[in-house]
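Reviewing the structure listed below.
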């Protein structure tokens with residue numbers, strides 16, 4: 001739904017306004033958190049009442065007759081009034097409203113009248129998200145930055161709508177710094193058939209995670225689309241597959257929720273939390289039935305010049321991979337006739353692996369294939385043998401090289417932080433000094449968080465923790481280092497004493513900034529909660545156990561440091577459990593006094 005935009009002043013027509021009653025109806029379509037099944041919010045849409053019902057026809061008629069502003073005002077007024085009548089649980093929102101750049105900059109919207117309308121109906125800006133559509137553009141980028149900041153300061157959420165549909169998306173993205181990025185349905189439609197789009201969406205997922213923006217896929221209509229989006233890391237979606245727009249806010253039905261959970265369970269299959277498997281790299285190429293004729297594949301290749309290969313499926317089972325190179329080598333570049341037979345490659349050339357296969361192991365196996373097929377794509381299935389997608393050798397070799405480089409340097413592949421070997425070197429060097437502090441950091445109730453939100457979101461928590469610790473390094477003594485042992489365990493090694501105020505600041509920052517890690521229901525309860533063994537609710541917090549030179553003997557061995565740290569970590573976790581907040585403890589000089 002769009003908000004008021006300028007138009008020539010004129011009495012409102014009867015098909016649009018009946019006195020002070022707008023002649024439009026408000027409907028709601030949910031935006032769903034696919035991992036938790038909870039509703040993130042609802043997009044507000046409008047339908048005409050009377051002779052014109054279609055929104056496209058409604059806005060076209062208003063534009064032709066010069067009543068655009070009156071239509072926008074009618075939509076806005078009807079929506080606010082309708083939201084005000086909802087039960088309290090549904091009224092919290094957030095509600096997403098489309099707004100074009102000219103409307104966003106119009107004082108009739110940006111002035112006090114809009115805020116007053118909300119106040120009159122018991123609503124606040126915090127319940128609304130303004131969707132800036134990418135199909136229009138701001139000529140003045142400084143004005144866009146100023147407006148985005150103004151509305152954010154008033155409490156409105158900011159979303160970039162239709163991302164990927166127009167020419168100005170990156171400019172708008174940079175200058176509006178949105179809380180939400182909504183992928184245009186043109187990117188989502190049949191994404192399982194277009195590998196180029198899949199690569200683009202995958203890069204946008206990584207970008208959104210880095211800037212803590214929520215990425216939403218619009219216009220999802222098929223399970224094939226949703227399955228690929230999930231595998232690419234999309235967490236939030238909207239579309240007819242989930243739910244159609246209706247007059248009262250709803251959530252998807254039980255059938256959708258169950259089938260979505262089945263799809264997500266397949267994504268969580270990995271042997272160890274630090275493993276990286278081929279499932280994280282899958283791109284779904286164009287597919288054809290095993291009975292497809294050569295002329296059909298020729299048509300497909302010509303229609304999609306960027307595609308390298310096609311997978312032939314027998315139901316959900318992969319049967320063969322036909323590469324562009326081998327296909328046209330078979331026909332010598334000649335036109336393919338309807339009588340031409342498909343090239344038959346040796347069945348053993350098809351390499352099929354499960355999505356839980358380790359990337360580095362797969363790279364070694366793939367390179368052992370016969371020379372004529374060593375560079376063919378690898379086919380990836382789930383544990384039941386159902387086709388998921390493919391990985392090209394170029395992708396596989398590049399990622400395997402990255403992982404081997406990480407292993408050689410001891411860096412953790414999830415956070416790029418130095419790993420155990422480098423941490424051991426730092427600790428040994430620190431123990432030789434006259435003053436030092438070693439801080440052990442880990443998360444409380446992280447396994448319960450993983451159980452609720454899944455491994456993909458769990459990885460985001462790990463990256464968030466690494467980010468908070470990294471950004472606070474400048475508060476610690478010069479020369480301090482941060483490493484990632486694995487899972488949710490981190491170590492800070494400092495060549496001098498650390499003030500308690502620094503660790504207090506770090507704990508407060510972790511608790512204050514972890515909001516994007518929660519679903520909407522958890523936010524309403526004040527944060528994520530998991531149930532412990534006793535049935536109590538407990539938040540995810542950060543525990544810091546700090547051991548310095550005062551708490552050890554005169555010439556400590558690394559084993560002594562480990563023993564003291566283990567006992568201290570147990571104590572600080574007990575304190576965190578009591579306070580339900582991130583906590584730190586310093587080891588007192590008990591060992592030194594008793595020694």
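Residue numbers (UniProt numbering): 1 to 595.
All C-beta atoms in this analysis are idealised placements derived from N, C-alpha and C, irrespective of residue type, glycine included.
Predicted model only: the values in this text are computed from it and were never measured.
Beta carbon of residue i, beta carbon of residue j: below 9 Å?
i, j, result
"residue 598", "residue 443", "This structure cannot speak to residue 598, because the chain is shown only from 1 to 595."
"residue 96", "residue 43", "yes"
"residue 319", "residue 33", "no"
"residue 359", "residue 414", "no"
"residue 178", "residue 213", "yes"
"residue 495", "residue 586", "no"
"residue 132", "residue 86", "no"
"residue 152", "residue 181", "no"
"residue 290", "residue 313", "yes"
"residue 377", "residue 304", "no"
"residue 584", "residue 503", "yes"
"residue 311", "residue 297", "no"
"residue 445", "residue 572", "no"
DSSP has residue i in a bridge; who is on the other side?
i, result
"residue 292", "Paired residue(s): none; residue 292 is not in a bridge."
"residue 312", "288, 320"
"residue 183", "163, 217"
"residue 494", "437"
"residue 426", "None; residue 426 has no bridge partner."
"residue 579", "Bridge partners of residue 579: none, in fact."
"residue 541", "444"
"residue 157", "129"
"residue 246", "28"
Suppose the cutoff is 6 Å on Cβ atoms and the five residues either side in sequence are ignored; what does the same chain contact list for residue i look like?
i, result
"residue 420", "485"
"residue 283", "195, 198, 389"
"residue 431", "556"
"residue 193", "286"
"residue 458", "450"
"residue 28", "42, 249"
"residue 234", "217"
"residue 187", "164, 197"
Quick check on residue i: does DSSP put it in helix, strand or coil?
i, result
"residue 378", "strand"
"residue 304", "coil"
"residue 54", "coil"
"residue 237", "strand"
"residue 390", "strand"
"residue 485", "strand"
"residue 353", "strand"
"residue 683", "Outside the displayed range of the chain (1 to 595) lies residue 683, so it cannot be described from this structure."
"residue 274", "Since pLDDT at residue 274 reaches only 44, below the 50 mark, its modelled position is unreliable, and no value is offered."
"residue 253", "coil"
"residue 478", "coil"
"residue 411", "strand"
"residue 554", "coil"
"residue 282", "coil"
"residue 177", "coil"
"residue 451", "helix"
"residue 461", "helix"
"residue 358", "strand"
"residue 585", "strand"
"residue 547", "strand"
"residue 269", "Interpretation of residue 269 is limited by its pLDDT of 43, a score under 50 that renders its predicted location unreliable; the figure taken from the coordinates is listed afterwards. Coil at residue 269, not helix or strand."
"residue 418", "strand"
"residue 505", "helix"
"residue 432", "coil"
"residue 573", "helix"
"residue 336", "coil"
"residue 192", "helix"
"residue 202", "helix"
"residue 369", "coil"
Can you list, in chain order, the residues of its chain whose CB lies under 8 Å from that of residue i, leaving out five sequence neighbours each side?
i, result
"residue 79", "1, 26, 44, 46, 95, 97"
"residue 434", "549"
"residue 569", "440, 442, 543, 545"
"residue 264", "34, 35, 230, 454"
"residue 465", "441, 443, 488, 490, 510, 542"
"residue 561", "427, 431, 438, 547, 552"
"residue 115", "125, 154"
Ignore the nearest five residues each way along the sequence and tell me which others in residue i's own chain have a CB closer than 7 Å to its CB.
i, result
"residue 222", "241"
"residue 362", "278, 353, 378, 396"
Are there any heavy atoms of the ligand FMN lying less than 8 Å away from the beta-carbon of residue i, as far as the coordinates show?
i, result
"residue 583", "The ligand content of the structure shown is nil, which means the ligand FMN is not present either."
Exercise for review: Jot down the residue ranges of each uninterrupted beta strand (DSSP E) in the stretch 74-106, minimum 3 residues, whole runs only, in chain order.
Suggested key: The qualifying runs are 95-99.
Review point. Can you list the alpha helix (DSSP H) stretches of 4 or more residues lying completely in the stretch 20-69, in chain order?
Key: The stretch 20-69 contains these whole alpha helix (DSSP H) runs: 55-65.
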